[in-house]
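Worksheet: one structure, shown below.
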Amino acid sequence: MKLGEAFLMALGSLKRNGLRSLLTLLGVIIGIAAVITILTLGAAASQKMINSINSIGGSDFQVAVEARPKEGQGDNEGNPNTNFYMDSATIPDSSRITPEMVDKLRLRFGDDLYGVTVAGFGGFSGQAVDPNAFDALSADPIDLSVTGVGPDYFKMNDKHVEFGREITQEDIDSEANVTVISHEVFTKMYDSDPQRALGSSIQFDGPFGTELFTVVGVTAGSSGGMFSFDFDELFAPYTVVNKYKNEANAWPSIGVRPAPGVDSEEFGKKLQRFFDAMYEDDAAAQVKVRDSKSELQTLQKILTMISVVISSIAGISLLVGGIGIMNIMLVTVTERTSEIGIRKAVGATTRDIRVQFVVEAMIICLMGGIIGIIIGTVFGVGGAMVMKEFVLPPVWGIIASLLISLLIGVFFGFYPANKAAKLNPIDALRHE
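Residue numbers (the UniProt record's numbering): 1 to 432.
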């Protein structure tokens, strides 16, 4: 018997027993749908996490000052007892990364450079009040933090200014007492009125005294990223904040991001060579450059592995579906004993009978797999859209689901098919 003939005969048999075939499909449908749904949601969660991390510097190179190894000690990366980063408190000002170095960095890399985060960490808390408030609510002080920032801080950290402007290099150079306030502060102190906010004064009382800032901008609300949150914050030029804290304008580490389209690996090598030259005369410290992208790729692999493991657990229901298919096929063999006898009497071989029933089981499982993929895609894409991500099931997941469906059909259909093939034609013809 040709495979095409067996296929047509199997389809005819399934049509005659439509309800039974549908019930047999359920186990496979549920199993495949669960697997596809989990894989799709896993891909969506992975994409959302990667996008969120990228938006706050996931594609940056982290440039950090570390202790220069002593003679015979070897490099820090090979010494598990030595931290990659020096304790920032132990780094002398003379060994920190300075604004002059950053200026040379910008000049050296030019259009290949997207931005540099030279500040934006190490903020401190205090209270702020509108000294010109005309109502009791606005006059109440609010708890917030002040963060010193550079000119690239907002674009490097996915913070968009909704009203007014950002902190500029001119503000930094002139040590202007200006601030960009977060959306939360904008709502609490100015009742979301940009005309009241822009140009107004904010009095900040913190651990180092009192400072008066002029509001020049308001950030937009959270973009909805996995790591995007709204806090009560003031952003001011790092020169002003460092002067307020009586600290030097220098940093133990910075973030550097290449422009889109720039070869990341080559950029990292050039960046390391640049800082090697900057620190060649520093006997106490050196600079190491790390690529965050490789860490992101590792994270993505871990998330994919978790999705696969969970999908495998969900795929246990396929085993239940396979057992159901075997039971139904055994019942089918019993019901069609006379048919098997007639076919053998007119020349059908043992192989023909075996192929017919195996193909029937494969078709049942394949149909269940296709329906399961469709249902799983609907639920998976729907769940991804709830997370504000559009992700389709991975192609390898769809192909694997179809192959697994066929293998289940072969594995669980072989025993009933073999039983049918071994029936004695005389005994089969006597069966009623």
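Note that the Cβ used here is the ideal one computed from N, Cα and C, for glycine as well.
This structure is a prediction, so every number in the text was calculated from the model and none was measured.
Per DSSP, reduced to three states, the secondary structure at Thr-98 is coil, with no helix or strand assignment. Take Lys-188, set aside five residues on each side of it, and the residues of its chain with a beta-carbon closer than 8 Å to its own are Ile-142, Asp-232, in chain order. Cα atoms of Ile-373 and Ser-294: separation of roughly 33 Å, rounded to the nearest angstrom.
As DSSP reads the structure, Ile-323 sits in no beta bridge. Separation of the CB atoms of Asp-130 and Ile-30 is rounded to 60 Å, and the pair is thereby denied contact status at 8 Å. Within the same chain, Asn-249 come within 6 Å of Pro-99 by CB-CB distance, once the 5 residues on both sides are set aside.
One thing to note: Leu-318 has its Cβ within 8 Å of the Cβ of Val-28. In the three-state DSSP reduction, Glu-335 falls in the helix class (H, G or I). Rounded to whole angstroms, Ile-342 and Thr-377 show a C-alpha spacing of 44 Å. Less than 8 Å separates the beta-carbon of Arg-257 from that of Asp-60.
Each of Ala-384, Thr-304, Gly-322 was checked against the Cα of Phe-411, and the nearest Cα belongs to Gly-322. Cβ-Cβ separation between Ser-95 and Asp-281: approximately 11 Å, too far for a contact (criterion under 8 Å). Taking Ile-398 as the centre and dropping the five residues before and after it, the same chain places the C-beta of Ile-36, Ile-373 closer than 8 Å to its C-beta, in chain order.
Pairwise C-beta distances place the segment 401 to 415 out of contact with the segment 40 to 48, as fewer than three of them are shorter than 8 Å. Apart from the 5 residues on each side of it in sequence, Ala-417 sits with its Cβ closer than 6 Å to the Cβ of Arg-354, Phe-357, Val-358 in its chain, given in chain order. Burial state of Ser-253 is buried, judged by a 10 Å Cβ sphere holding 16 or more other Cβ atoms.
Here Thr-219 carries a strand assignment [DSSP, helix/strand/coil]. In this structure, Gly-380 places its C-beta atom within 8 Å of the C-beta atom of Pro-393.
Pairwise C-beta distances place the segment 174 to 194 out of contact with the segment 110 to 117, as fewer than three of them are shorter than 8 Å. Cβ-Cβ distances below 7 Å link Thr-239 to Ile-172, Glu-175, Asn-249 in the same chain, with the five nearest sequence neighbours on each side left out; the list follows chain order. Taking all protein chains shown into account, Leu-23 has fewer than 16 neighbouring C-beta atoms within 10 Å of its C-beta and is therefore exposed. With fewer than 16 other Cβ atoms inside 10 Å of its own Cβ, Lys-301 counts as exposed.
Under the three-state reduction of DSSP output, Val-262 falls in the coil class, being neither helix nor strand. In this structure, DSSP gives Leu-212 an extended state, which the three-state scheme calls strand. Assignment of Ile-254 by DSSP, reduced to helix, strand and coil, places it in the strand class. Sixteen is the threshold: since fewer than 16 other Cβ atoms of the shown chains lie within 10 Å of the Cβ of Gln-169, the residue is exposed. For the options Lys-288, Ala-284, Tyr-279, the alpha carbon positioned closest to that of Gly-268 is the one of Lys-288. For Ile-399, the enclosing alpha helix (DSSP H) starts and ends at 395 to 421. For the pair Val-262 and Val-216, the CB atoms are not nearer than the 8 Å cut-off.
The three-state reading of DSSP puts Ile-313 in helix, counting H, G and I together.
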